[in-house]
Amino acid sequence: MYRRSVFFILVCVLGLLSVSACFAQQAQAPAQQAFTGTPRAPISPPPVENVLLIGWDGVQRHHLLELLIAGRLPNLRALIDEGSFETIAVAGHATDTKSGWTQITTGYDPDVTGVYSNGRYQPIPAGLSIFERAQQAFGRDNVFTMMVMGKTAHTGSVCAGEPMRGPKKEQIEKLGQPFCNTRKALDVWDGDKQRDAPEVGAAATSALEKVGGKRFLALVHFSDPDHRGHASGENSAEYEQAIVTCDEWLGKLAQWLKDKGLYDKTRICVVTDHGFDEDAKSHRYAPRTWLATNDNAVIMGGHMHDIAATVLVRMGIDISKLEPAYPGRALIDAQPFIRQPAAARPTM
Ligand SMILES: [Zn+2]
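Just so it is clear: in the sequence shown, position 330 is 329 by numbering that gives the first Met the number 0, and no numbers are missing.
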């Protein structure tokens, strides 16, 4: 009996000791992790070498998601599986081609570019495109820049007073197309032509052959969905097929990068300039757009002017120094998370 109670007391004492030790450790734990006054380092992903922007003109976000869910866009699916799919909103200008591609390729709003819509526009002032920004940052000879475009007028480079091919006949361009100045700065401009995906894709791969070991920033623009949407409507089989064709070319361009050993050094961003009016042949009000990328640093959606900011920041360019000031921000997790020192925290 006595032995048993001694044993019982011993067990109780040991138990109490271990419980109190545990509490003591818990009480010490916060003190050990207390803020030391040094902010945590910014969570900045390392910059990437190359960015390939691929434009699918006039692709409605909801229709794209329907095709994606139905498994009809396997190459876009593979891209998103590596990175992300984000929603992008258009605000401050028309939901049309000129203003969309101008904003995507500059990061500026129309008050800076002068491109408000397909009817109210001017050449983008020299030096403002992301291609010229890359040249300014890395040196003109250290980065290869190119635009291969699938439309005439709205993504054109014809300057004021020059002849251009209109929808029906040749005419004189009055105002100057958005890329009149940009064209002169690029290593490759291949546009001002109305053509479908196979021709654009072939032109893009032959232009990319000229990269020659440099880092590159490129835009390849496919116009098929917009044209099929205007001709047959947003809910037509033709519109869907045009998006599927764009997906096939995404696969071919990604494969080209893999064959050249460039895929791992390149982030692909697939974007559109505007959506499409539901079940219609127009995009009068179609601000719901999107960004699909294999870049897993991209973690949020935003405004259309954020796309250019994202591209430049991912290439390691400091957008905080740009003039005029950039309205957008990079859609990545790069904000330093700074904890307040304990003394500065409000007391409860
Ligand atoms: Zn259109």
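Note that the Cβ used here is the ideal one computed from N, Cα and C, for glycine as well.
Quantities reported herein were computed from a predicted structural model and do not represent experimental measurements.
Out of the options, point me to the one whose CA is closest to residue i's CA.
| i | options | result |
| --- | --- | --- |
| L52 | H62, W100, D95 | W100 |
| V50 | H302, L207, A230 | L207 |
| S83 | P323, A329, M299 | M299 |
| K213 | D186, D225, F221 | D186 |
| V269 | L290, E277, D278, D263 | L290 |
| V297 | A136, E322, A201, I267 | I267 |
| A279 | Y238, G118, D258 | Y238 |
| M148 | A136, F178, P45 | F178 |
| G211 | D246, G260, R328, E172 | G260 |
| R132 | V111, T105, W248 | T105 |
| I87 | H302, G200, V312 | H302 |
| V310 | R328, R287, A159 | R328 |
| T288 | T94, S235, L78, G315 | T94 |
| L127 | A77, D332, M314, A307 | A307 |
| N117 | A236, H273, C245, A202 | H273 |
| P45 | L218, D263, A203 | D263 |
| V243 | L174, A203, R76 | R76 |
| M145 | G91, T204, E322, P326 | T204 |
| A125 | T265, D195, N234, N180 | N180 |
| G190 | G155, M163, I171, A217 | G155 |
| Y284 | G54, H92, R164 | H92 |
| E277 | L256, Q254, L252, S235 | S235 |
| E81 | T292, E322, I318, R194 | T292 |
| G57 | K257, C245, E322, L321 | C245 |
| R159 | D258, L174, K167, A217 | Sequence check: residue 159 is Ala here, not Arg. If we check each option's Cα against that of A159, L174 comes out closest. |
| A324 | G70, H226, D108 | D108 |
| G228 | K320, Y115, H282 | H282 |
| V219 | I68, K320, T271, R164 | T271 |
| K192 | R164, R119, K209 | R164 |
| S98 | R119, D332, G138 | R119 |
| V89 | Q240, I68, Y115, G70 | Y115 |
For the beta strand (DSSP E) holding residue i, just list the boundary residues, first then last.
| i | result |
| --- | --- |
| N49 | 49–55 |
| R287 | 287–292 |
| R266 | 265–270 |
Bridge partners of residue i, per DSSP?
| i | result |
| --- | --- |
| Q170 | M163 |
| A217 | L51, M145 |
| A88 | R287, H302 |
| V83 | Here residue 83 turns out to be Ser, not Val, going by the sequence shown. Its beta-bridge partners are T292. |
| W188 | M146 |
| I331 | V297 |
Does the beta-carbon distance from residue i to residue j come in below 7 Å?
| i | j | result |
| --- | --- | --- |
| L64 | L72 | no |
| T96 | H153 | yes |
| S231 | K150 | no |
| F215 | F130 | no |
| Q102 | G113 | no |
| I316 | A136 | yes |
| L330 | D294 | no |
| Q59 | F275 | yes |
| Q176 | V157 | yes |
| P224 | W55 | yes |
| N74 | G250 | yes |
| W248 | A201 | no |
| V47 | R313 | yes |
| L252 | T265 | no |
| E172 | E161 | yes |
| R182 | W188 | yes |
Looking at the unbroken alpha helix (DSSP H) that takes in residue i, where does it start and where does it end?
| i | result |
| --- | --- |
| H61 | 60–68 |
| A201 | 196–207 |
| V111 | 109–112 |
| K259 | Here K259 belongs to no alpha helix (DSSP H), and DSSP marks it neither H nor E. |
| S231 | 223–231 |
| K97 | 96–105 |
Alpha helix (DSSP H) segments (min. 4 residues) lying fully within the region 126–155: If we require 4 residues or more, the alpha helix (DSSP H) runs fully inside the region 126–155 come out as 129–137.
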